[in-house]
Amino acid sequence: MKLVIATPSPFARKVRVVLREKEIDFEEIIDVPWNRDTICTNFNPLGKIPVLLQEGKQPLFDSSIIVQHIEHMNKSPAMYPSNLEDSMLAKIIETTADGICDALVLISLENTRKERLRSKDWIQRQSLKIYNGMEYLSNKLGNKIYFAGGVFTIADVAGFSCLEYLDLRLPNFDWRSKHPNLENYWQKHKNRRSF
45 MKLVIATPSP FARKVRVVLR EKEIDFEEII DVPWNRDTIC TNFNPLGKIP VLLQEGKQPL
105 FDSSIIVQHI EHMNKSPAMY PSNLEDSMLA KIIETTADGI CDALVLISLE NTRKERLRSK
165 DWIQRQSLKI YNGMEYLSNK LGNKIYFAGG VFTIADVAGF SCLEYLDLRL PNFDWRSKHP
225 NLENYWQKHK NRRSF
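In structure tokens:
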């Protein structure tokens with residue numbers, strides 16, 4: 045099993061953490077989808093990472109689809125709670141964290157343009173998604189240790205990956221003081237082996 049990744053990608057990180065949590069061996073292939081010689085377009089028509097490659101099987105792309113596939117391998121621990129309500133919450137948290145990361149990517153790309161071509165409205169729109177998304181994550185976490193079901197799930201994989209990606213791409217956004225419960229959550233999980 046091989047996983048095509050870009051090192052800073054929070055989406056690739058999600059899959060890497062799930063594979064490590066389930067103790068599934070895999071090889072990482074580092075690729076930069078922005079480069080002309082990228083290999084990800086050979087496997088994903090959208091030219092995005094991560095991509096999961098398995099002998100004799102079609103390539104899988106999109107972190108959520110890959111995680112669902114890994115989950116169907118039935119290796120413990122489960123990443124989605126068996127209780128429907130907790131499972132739906134885990135998926136909503138995953139989607140929210142992924143959406144924040146998407147907005148961070150879009151802001152980063154916009155900021156690579158010449159300054160006179162940058163759209164302030166576009167950046168503000170993406171920034172609002174980040175602020176609202178962080179507020180939502182903070183409210184859903186409350187004072188809990190885990191986002192859903194009282195155990196470590198995909199919600200925690202995505203949520204934690206999102207927090208660290210936020211530090212990477214938007215270091216001036218002080219989410220720690222604005223959302224101290226997320227800071228406590230980050231402190232609690234930062235030394236987890238799979239991270």
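Heads up, the sequence shown is in my numbering, so the first residue is 45 and it goes up one at a time. Think of the CB as a built atom: it goes at the ideal place given N, C-alpha and C, for glycine as much as any other residue.
DSSP beta-bridge partners of residue i
i	result
Ile49	Ile74
Phe105	Val95
Residue environment, residue i, which counts as buried when at least 16 other CB atoms sit within 10 Å
i	result
Thr140	buried
Pro215	exposed
Leu172	exposed
Gly193	buried
Asn88	buried
Between the CA atoms of residue j and residue i - distance to the nearest angstrom
i	j	result
Cys84	Pro77	6 Å
Tyr124	Leu207	20 Å
Ser152	Gly177	17 Å
Leu128	Phe105	25 Å
Glu65	Pro103	22 Å
Tyr209	Trp166	20 Å
Element boundaries [alpha helix (DSSP H), containing residue i]
i	result
Gly193	Looking at the DSSP string, Gly193 is not in any alpha helix (DSSP H), and its letter there is neither H nor E.
Pro54	Pro54 to Glu65
Asp146	Leu128 to Glu154
Gly177	Lys164 to Leu185
Reference residue i, options the options, closest by Cα
i	options	result
Ile144	Thr51, Phe204 and Arg60	Phe204
Asp211	Val61, Ser126 and Leu226	Leu226
Glu115	Asp218, Ile198 and Pro224	Ile198
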